[in-house]
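Reviewing the structure listed below.
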Amino acid sequence: MTVMINKGVKKRLITLNINDRDYHVIIDDRDTLLYILRDKLMLTGTKDACGVGECGACTVLVDGKAVLSCLMLAIDGQGKKITTVEGLAKDGKLTDLQKAFIQYGAIQCGYCTSGMLMSVVGLFNTNPNPTKNDIKKAIEGNICRCTGYNKIIDAIEAVKDKRLKDKNDR
Amino acid sequence: MIGRRIPRIDGPIKATGEAKYTTDIYLPDMLVAKMLRSPLPHAKILNIDISKAKKIPGVKAIITGRDAWDIRHGFVETPRYPADQYCLANDRVRYIGEEIACVAAVDEDTAYEAIDAIKVTYEELPAVFDIFEAIKPDAPDIHEFRLPDLIEPFKNVGGRCANSFGDMEAAFKKAYLIREDRFETQLRTHCYLEPQATVAYYDVNGKLNVWTSSMGVFRKRMHLSKTLHMPLSKIRIHKSWVGGAFGGKIDLFSHEFCTSLLSIKTGKPVKYVAERDEIFSYFRHGQPMVIDLKTLVAKDGTILGQIVRCYNNCGAYRGSGVVCIFLCWGFIILPYRIPALDYIGYSIYTNNPVRAPQRGHGAPQVHFAVESQLDIIAEELGIDPIEIRLKNARQKGDILPNGDTIKNAGLIECIEEIEKKTDFRKKYSKNLKEVKQYKNNTRFRRGIGIGVSSYFTGTLIYPHNSAAIIKFNDDGTVQCYTGALDIGQGAETILAQIIAEELSIDIKDIEIIAGDTDNTPVDIGSWISGLTYVTGNAVKKASEDARKQLLSSAAIYLNVHMDSLDMRDRIIFVKDNPERSITFSKVLENHIRDHKGDPIIGKGFFRGLKDAEHGPSLKNAKGAWSDSYAFDAQVAEVEVDMHTGKIKVIKATTAHDCGFPINPLLVEGQIDGQVSMAAGQALSEEIIMEKGITLNPSFLEYKLPIATEMVENDYIDIITEEYKKDHHFHTKEVGEGYVSGILAAIANAVYNATGVRAKRLPIRIINNLS
């Protein structure tokens, strides 16, 4: 629905389902999903570090797949299930992945963390038993300047091992 | 709590996205600021016409150099090195990207529209970009400034640091080998993931509230107060989490000044976030350096003397260049005993963007040169790289030429242990033999190399000191007020561990309230490798103060001497009879009742170099520099693809003497990050500039390490310090010393694998293969 025209730019009202909640938001057709998340909905957990798809800090899940929200138009998010870092913890409880990131020292400045976590969730959604190489490949688009990636990969491997063990124990 | 692998206390808020960084601050009715930058590397500004831009609907304010005061700022401001840069260009621009005007508008599009509508008339001046061109007599003058004591016929010298000692003539007479090489390090950059960002809000009471991505709030406040011509008390820098800095966020930046002034002019909050290509093209990077290194050695490899000339390209303003050339002197004299030295460092103005500290600040440059040359010398003398380093290594009790004492040095142990752990000698000599006899024709060749470095632990520079306050809630839980700013290294976690240790309480019972110029005491900041040492000791003393008060009060109620008491988990008990006890909560209650309302507040403060009036001289390197020095030896193992020239670091081992590791998990994190940054500097990273223009202003083109290039790390902890109660500690730095040894080790390993000696970074072997 077009609601107004300003300087020749169409504005319209759309509905985005983010973290299992419907948000009705007025957008400009050119708005990226990242811009809407941060500037309009104040979901600032998703970070903007380059804005051109080169650093991975803005990674979110769209229908379970890791997507760079700076390269996706908000208008294309209609009818899809969007998950941001704020949607990971349930009922105030952190996920095993979030806990492992903390425990293994995978977080330093934290600015890449949200995107990194979302890339890993996306990986586990498609591949519950990734090799170390699969893990590196899955996060190669997520730049981290603090950790050298060592402890991030340790944390992800620990989560994988624990999940597989829990599954086998069942 | 001390010495344990405690997960960082800011982990949960960072893992959930709850942590607010400056970029995440959104205030009602906030304006967006954008910057107009110079398109020319050197020009006079004849006129700035903002009349058209002002009329654009949605534009709220535009400022130019004319709106600012005639106040310059600098990384250092001393009589020798007066401030040389305006926040907004006045009548002249000296590099492409220099800030000319700043616009505040209702949204980004409008702000950019206004930027495009500003008309600037320039008179172009000749520009110079290369340091050796810039010092020539016919080079254009970038500044009027002349160093009064400059003896060389050089132009554009922004700083000079000279120091010599020992008997160089004798060294020449005794020398068996004299080796002279030129090494060059590239222009590299920090790549902090959070862009430079500032939010400023001048409120109705006349208080300027600032959130800015920085490395220390008190330093930023000092700079803003000076440049805005505003009392310190009218400026408050709030805490926000910092998405990485690595040295690149300590200077005052134009946008910090501009957002503040725009907020003062509009009465509205103003936010500026730098675009990534702006950061790559116009913001401050590390210091590229040319080092001429002449080393005199005896037949057995003992260093007799060194003659060193460092040429630093500091860009269009002084930045931290003059500090860098002082530090280079320091890194020359540190890990090895140098009986005679002739050192001159020059910081040279060019029409390039200004340069800042970057992790190591001179150390990677110097150690790359020294360690590479040491390997060359060792080979020429027929001794191995381990032996030559052991022979010259500094040891406990050594007195540096400036008078500083090496109180503890684990360098010998570092070298010996790393040799054992990596089987260095065996691997090194096998590879070298194969390379020399051209026996190895395989496509993938392995090599091993070592590098040694040393780093200082804090020095005196504004604000010189840290203080801390410990207060209690009624239930005995603790709140600590500290001006420290956690930039990712884990400052808050370390401070909480120190409090937990001193008060024997759980880390969960401690809350750190940090990094706010109005609400926390002064702090030195997360730089000069001094936070854990200076702020750590301040917090330790505040905890001790609180502990003493608690114990002496408890002693009254338990009717024993305080020496017979101990505490754990917020309970004070008699050591011999733990049943006799009293809770913190009860002690506090009684204390308030019996001491006219005193709730027990612990106070602590610390300043390094207690006997020194000020920091060392940037002119001649004289004077105390630091209280303690960290040492390390690092080994790199590389694999080189002889067809493509691609170099891979297979493994890095770091043997480190960082004193007492308060949190080994965080120490490892620091080492991992530094090894990765060094691998990037060694192999791929370089800002490529042509005539002042950055040709690769993006993460895609500036190749920093990604996950598939992760380097496996191994650590050897050489502990030379203890953590003692009731005693201030000399725990050493770990944040930037370990980027250098490994950088040199990688270069040495590439030589070991291929026979190609890198004298310029990043290492490129393909042009050097026969």
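Heads up: the protein sequence lines correspond to chains A and B, in order. In this text, residue positions in the first sequence follow my numbering: the first is 1, and each later residue adds one. In this text, residue positions in the second sequence follow my numbering: the first is 171, and each later residue adds one. Don't be surprised by glycine CBs; every beta carbon is placed ideally from N, CA and C. As the structure is a prediction and not an experimental result, all values here were calculated from the model.
(request) Take the Cβ of S940(B) as the centre, count every other Cβ of all protein chains shown within 10 Å, and call the residue buried at 16 or more, exposed below. (result) Any answer about S940(B) is weak, because its pLDDT of 49 lies below 50 and its placement is not dependable; what the coordinates show is given next. Residue environment: S940(B) is assigned as exposed (fewer than 16 neighbouring CB atoms within 10 Å of its CB, all protein chains considered).
(message) For G235(B) and Y362(B), I'd like the C-alpha separation in whole angstroms.
(response) Going from the Cα of G235(B) to the Cα of Y362(B) covers about 29 Å.
(message) Is there a C-beta anywhere in chain A that falls below 7 Å from the one on G414(B)?
(response) Cβ-Cβ to chain A under 7 Å: yes for G414(B).
(message) Tell me which residues share the same chain as K47(A) and place their Cβ nearer than 8 Å to its Cβ, disregarding the 5 neighbours each side in the sequence.
(response) Excluding residues within five positions, the ones whose Cβ falls inside 8 Å are A57, C58, Y111, C112, S114 and G115.
(message) On a Cα-Cα basis, can you pick out the residue from Y256(B), S755(B), T864(B) and D337(B) that is closest to T475(B)?
(response) Looking at the sequence provided, one finds Gly at residue 475(B) rather than Thr. Comparing Cα positions, the closest option is D337(B).
(message) Within 10 Å of its beta-carbon, does E882(B) have 16 or more other beta-carbons around it, so buried, or fewer, so exposed?
(response) The residue in question, E882(B), is exposed, as its Cβ has fewer than 16 Cβ neighbours within 10 Å.
(request) Verify whether the separation of the beta carbon atoms of H731(B) and Q528(B) is less than 7 Å. (result) The beta carbons of H731(B) and Q528(B) sit no closer together than 7 Å.
(request) Reducing DSSP to helix, strand and coil, say where G907(B) ends up. (result) The three-state reading of DSSP puts G907(B) in helix, counting H, G and I together.
(message) So, with DSSP's three-state summary, where would you put L357(B)?
(response) Reduced to three states, the DSSP call for L357(B) is coil.
(request) State the start and end residues of the unbroken beta strand (DSSP E) segment that holds N127(A). (result) No beta strand (DSSP E) contains N127(A), which DSSP labels as neither H nor E.
(message) Quick test of the definition: if touching needs 3 or more C-beta pairs under 8 Å, does the region 540-548 of chain B touch the region 344-357 of chain B?
(response) Counting Cβ pairs under 8 Å, three or more are found: they touch.
(message) Please list, in chain order, the residues of the region 109-128 of chain A that have any C-beta partner in chain B closer than 8 Å.
(response) Within the region 109-128 of chain A, the qualifying residues are C109, G110, Y111, C112, T113, S114 and L117.
(message) Do G530(B) and C498(B) count as a contact pair if the criterion is CB distance below 7 Å?
(response) Contact flag unset, no.
(request) Output, in sequence order along the chain, the residues in the region 7-33 of chain A whose CB is closer than 7 Å to any CB in chain B. (result) Only those residues of the region 7-33 of chain A whose C-beta falls short of 7 Å from the nearest C-beta of chain B would be listed, and there are none.
(request) May I have the straight-line CA-CA distance separating G658(B) from L97(A), to the nearest angstrom? (result) The alpha-carbon of G658(B) is positioned some 20 Å away from that of L97(A).
(request) Kindly indicate if chain A contains any beta-carbon less than 7 Å away from that of P505(B). (result) It does not; no Cβ of chain A falls within 7 Å.
(message) Any C-beta of chain B within less than 9 Å: which residues of the region 35-50 of chain A qualify?
(response) Within the region 35-50 of chain A, the qualifying residues are R38, D39, M42, L43, T44, G45, T46, K47, D48, A49 and C50.
(request) Mind reading off the beta-carbon distance from A563(B) to D554(B)? Whole number of angstroms is fine, and I expect it under 8 Å. (result) Actually they do not touch by this definition, with Cβ atoms about 14 Å apart.
(request) Mind reading off the beta-carbon distance from G413(B) to R454(B)? Whole number of angstroms is fine, and I expect it under 8 Å. (result) The distance from the Cβ of G413(B) to that of R454(B) is about 17 Å, inconsistent with a contact at the 8 Å cut-off.
(request) For L163(A), go through chain B and note every residue whose CB falls closer than 9 Å to its CB, in chain order. (result) Checking the sequence, you will find Arg at residue 163(A) rather than Leu. One finds nothing in chain B with a Cβ atom closer than 9 Å to the Cβ of R163(A); even the nearest lies about 17 Å away.
(request) Tell me whether M338(B) sits in a helix, a strand or coil according to DSSP, three-state version. (result) Judged by DSSP in its simplified three-state form, M338(B) adopts helix.
(request) Taking all protein chains shown into account, decide if L13(A) is buried (16 or more other Cβ within 10 angstroms of its Cβ) or exposed. (result) Around the beta-carbon of L13(A), fewer than 16 other beta-carbon atoms lie within 10 Å, marking it exposed.
(request) Can you give me, in chain order, the residues of the region 439-465 of chain B that have a beta carbon less than 9 Å from any beta carbon in chain A? (result) Against chain A - using a Cβ distance shorter than 9 Å - the residues of the region 439-465 of chain B are V443, E445, R446 and D447.
(message) Taking beta-carbon pairs under 9 Å, can you tell me which members of the region 172-185 of chain B lie near chain A?
(response) So the list reads R175, P177, R178, D180, G181, P182, I183, K184 and A185, given in the order they occur along the chain.
(request) Just the chain A side, please: which residues come within less than 7 Å of D842(B) by C-beta, in chain order? (result) Neighbours of D842(B) across chain A, judged by C-beta separation under 7 Å: T147, G148, N150 and K151.
(request) Determine the closest residue to L41(A) out of Y23(A), T32(A) and D28(A), with distance taken between C-alpha atoms. (result) Residue Y23(A) is the option with its Cα nearest to L41(A).
(message) Can you pull the chain A neighbours of F869(B), defined as C-beta to C-beta under 9 Å?
(response) Near F869(B) (Cβ distances below 9 Å), the residues of chain A are A49, C50, V52, E54, C55 and I143.
(request) Measure the C-alpha to C-alpha separation of S798(B) and Y632(B) and round it to an integer number of angstroms. (result) Take the alpha-carbon of S798(B) and the one of Y632(B): they are about 19 Å apart.
(request) Could you tell me whether the Cβ atoms of E920(B) and I817(B) are closer together than 7 Å? (result) Just to set this straight, residue 920(B) is Val in the shown sequence, not Glu. In contact: V920(B) and I817(B) (Cβ atoms closer than 7 Å).
(request) Name, going along the chain, the residues of the region 265-299 of chain B whose beta-carbon falls closer than 7 Å to a beta-carbon of chain A. (result) Taking a C-beta cut-off of 7 Å against chain A, none of the residues of the region 265-299 of chain B qualify.
(request) Count the other CB atoms, across all protein chains shown, that sit within 10 Å of the CB of E283(B); report buried if there are 16 or more and exposed otherwise. (result) Buried, because 16 or more other Cβ atoms sit within 10 Å of the Cβ of E283(B).
(request) Check whether the region 513-524 of chain B touches the region 317-326 of chain B, taking contact to mean three or more Cβ pairs, one atom from each stretch, closer than 8 Å. (result) They touch, by the three-pair rule.
(message) For I477(B) and L511(B), I'd like the C-alpha separation in whole angstroms.
(response) Cα to Cα, the separation comes out at about 6 Å.
(message) Here's a check: name, in chain order, each residue in its chain whose Cβ is nearer than 8 Å to the Cβ of I889(B), leaving out the five neighbours to either side.
(response) Closer than 8 Å at Cβ, skipping near neighbours: G580, D827, G829, F830 and P831.
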